[in-house]
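The numbers in this note's numbering rise by one with no breaks, and the one at position 239 of the sequence shown is 246. Quick reminder that beta carbons are idealized off the backbone N, C-alpha and C, glycines included. All values derive from a computational prediction rather than experimental measurement. Comments concern the structure below.
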Amino acid sequence: MRLRALLAAAVLTIITAPAALAAPAVAHGSDVPPGQFGFVAKIAMTKIPRPDGSTYGSYCTGALIAPGWVVTTGHCFHDAHRKRVSGKVPYPTTVTLGLVDEATEPGVARKVTEVLQAKENDVALIRLDTPVSTVAPLTVNRVLPKVGQQLTLAGWGSLTATNPAPATRMQHGTVQVAKVAPTTIGVRGAAPAITTSACTFDSGAPYFVPEGKGGHLVSIEATGPGCPHAGIETTSRADVIADWIAARTA
8 MRLRALLAAA VLTIITAPAA LAAPAVAHGS DVPPGQFGFV AKIAMTKIPR
58 PDGSTYGSYC TGALIAPGWV VTTGHCFHDA HRKRVSGKVP YPTTVTLGLV
108 DEATEPGVAR KVTEVLQAKE NDVALIRLDT PVSTVAPLTV NRVLPKVGQQ
158 LTLAGWGSLT ATNPAPATRM QHGTVQVAKV APTTIGVRGA APAITTSACT
208 FDSGAPYFVP EGKGGHLVSI EATGPGCPHA GIETTSRADV IADWIAARTA
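If you want it as structure tokens, here you go:
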């Protein structure tokens with residue numbers, strides 16, 4: 008298996024944009040086994056506007072948390088000046104779920120119709136045009152995360168920050184909670200390496216505790232420095248917006 012520093016949701020990394028706008032993704036992780044983590048969403052966006060009127064394409068990662076809803080990083084959806092937006096999806100966006108290897112599996116594809124931005128942290132809910140009934144969603148954690156707690160990170164981000172490209176095989180790894188703040192937690196790589204970390208196109212990737220076909224969502228990838236890295240990664244706590252998510256996805 009190829010290793011890469013784990014995980015998926017840092018800022019939208021632009022396929023055709025300058026490197027300064029790129030966002031890190033999963034590095035030094037390992038291939039996800041077949042049939043695992045089908046709730047992890049690969050989010051593809053096209054025709055994202057720039058101030059000069061041109062457009063570009065990019066990717067983020069997310070997680071299914073209800074049949075018709077995916078949670079991801081808020082900054083994945085923005086206007087030409089990179090201000091987060093809510094309401095009708097601002098550009099064509101497709102979500103793919105239920106697969107770990109694009110070369111051998113078709114997955115389940117849905118269009119995104121609406122974006123809702125959280126106020127507490129950099130998190131957004133995106134509504135799918137048709138609910139997904141064949142993939143078990145994650146349950147949103149309501150318990151305060153603890154320093155030392157181990158979480159799984161899984162995503163579709165790049166394997167490297169050099170000439171990044173979204174992965175075609177989902178990656179995962181283990182991280183440990185190193186710091187707890189009012190709306191975020193800091194995590195650092197634990198396995199397969201201390202440099203297991205998020206990378207470009209991992210923005211919005213879930214940090215979770217696996218359980219059966221699903222699990223408990225603890226946090227969401229927020230920013231992500233260059234990868235791979237052994238430092239602390241900032242992620243958005245799920246528990247502080249659990250009520251907000253429940254009210255909008257019921």
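Under 8 Å between C-beta atoms of PRO199 and SER61: If you number the sequence shown from 1, residue 199 lands on position 192. If you number the sequence shown from 1, residue 61 lands on position 54. No, Cβ-Cβ distance for PRO199 and SER61 is not below 8 Å.
Span of the beta strand (DSSP E), counted from its first residue to its last, around THR241: Counted from its first residue, the sequence shown places residue 241 at position 234. From DSSP, the beta strand (DSSP E) with THR241 extends over 240 to 244.
Alpha carbon of VAL150 to alpha carbon of GLY180, nearest angstrom: For the purposes of this step, residue 150 is identified with residue 143 of the sequence shown, where counting begins at 1. For the purposes of this step, residue 180 is identified with residue 173 of the sequence shown, where counting begins at 1. Taking the straight line joining both Cα atoms gives about 22 Å.
Residues near ASN170 by beta carbon distance below 8 Å, same chain, minus five either side: Here residue 170 is taken as the residue at index 163 of the sequence shown, counted from 1. No residues qualify anywhere along the chain.
CA-to-CA distance, ASP86 to HIS223, given in whole angstroms: One-based indexing of the sequence shown puts residue 223 at position 216. One-based indexing of the sequence shown puts residue 86 at position 79. When rounded, the distance between both Cα atoms is 31 Å.
Beta-carbon proximity of VAL107 to MET52, cut-off 8 Å: Working through the sequence shown from its first residue, we reach residue 107 at position 100. Working through the sequence shown from its first residue, we reach residue 52 at position 45. No, the pair does not count as a contact, with Cβ atoms beyond the cut-off.
Inter-stretch contact at 8 Å, needing at least 3 Cβ pairs: the stretch 158 to 168 / the stretch 73 to 89: Judged by Cβ distances under 8 Å, the stretch 158 to 168 makes no contact with the stretch 73 to 89, as fewer than three pairs qualify.
SER210 burial status per 10 Å Cβ neighbour count (16 or more: buried): By 1-based counting over the sequence shown, the position of residue 210 is 203. Counting Cβ neighbours within 10 Å, SER210 comes out buried, since at least 16 surround it.
VAL102 beta carbon less than 8 Å from that of ARG117: Within the sequence shown, the letter at position 110 stands for residue 117. Within the sequence shown, the letter at position 95 stands for residue 102. Yes, they are a contact pair.
Cutoff 6 Å; reference ASN128; Cβ partners in own chain excluding five residues on either side: Position 121 of the sequence shown, counted from the first residue, corresponds to residue 128. Within the same chain, ASN128 has close Cβ partners THR190, SER243.
Range of the contiguous beta strand (DSSP E) that encloses ARG2: Lying outside 8 to 257, the shown extent of the chain, residue 2 is not represented and no answer is given.
N-terminal and C-terminal residue of the beta strand (DSSP E) that THR256 is part of: The residue labelled residue 256 in the question sits at position 249 within the sequence shown. Where THR256 is concerned, there is no enclosing beta strand (DSSP E), although the alpha helix (DSSP H) it sits in stretches over 249 to 256.
Whole-number beta carbon distance between PRO99 and LYS49, since they are thought to touch under 8 Å: Position 42 of the sequence shown, counting from 1, holds the residue named residue 49. Position 92 of the sequence shown, counting from 1, holds the residue named residue 99. That belief does not hold up - the Cβ atoms of LYS49 and PRO99 are roughly 15 Å apart, past 8 Å.
Rounded straight-line distance, which links the Cα of ALA73 to that of THR256: Numbered from its first residue, the sequence shown carries residue 256 at position 249. Numbered from its first residue, the sequence shown carries residue 73 at position 66. Using only the alpha carbons, I get a separation of about 7 Å.
For ASP59 and VAL247, the rounded distance between their alpha carbons: Residue numbering aside, residue 247 sits at position 240 when the sequence shown is read from its first letter. Residue numbering aside, residue 59 sits at position 52 when the sequence shown is read from its first letter. Rounded to the nearest angstrom, the two C-alpha atoms are 37 Å apart.
Simplified DSSP assignment, three categories, for CYS67: Taking the sequence shown and counting its residues from 1, one reaches residue 67 at position 60. Here DSSP, grouped into helix, strand and coil, assigns CYS67 to strand.
PHE84 versus ARG134 - alpha carbon distance: Indexing the sequence shown from 1 puts residue 84 at position 77. Indexing the sequence shown from 1 puts residue 134 at position 127. Taking the straight line joining both Cα atoms gives about 13 Å.
Rounded straight-line distance, which links the Cα of VAL119 to that of THR146: As a first step, residue 146 must be located in the sequence shown, where it is residue number 139. As a first step, residue 119 must be located in the sequence shown, where it is residue number 112. Using only the alpha carbons, I get a separation of about 21 Å.
Per DSSP, cross-strand counterpart(s) of THR230: As a first step, residue 230 must be located in the sequence shown, where it is residue number 223. Looking at the DSSP assignment, THR230 forms no beta bridge with any residue, so it has no partner.
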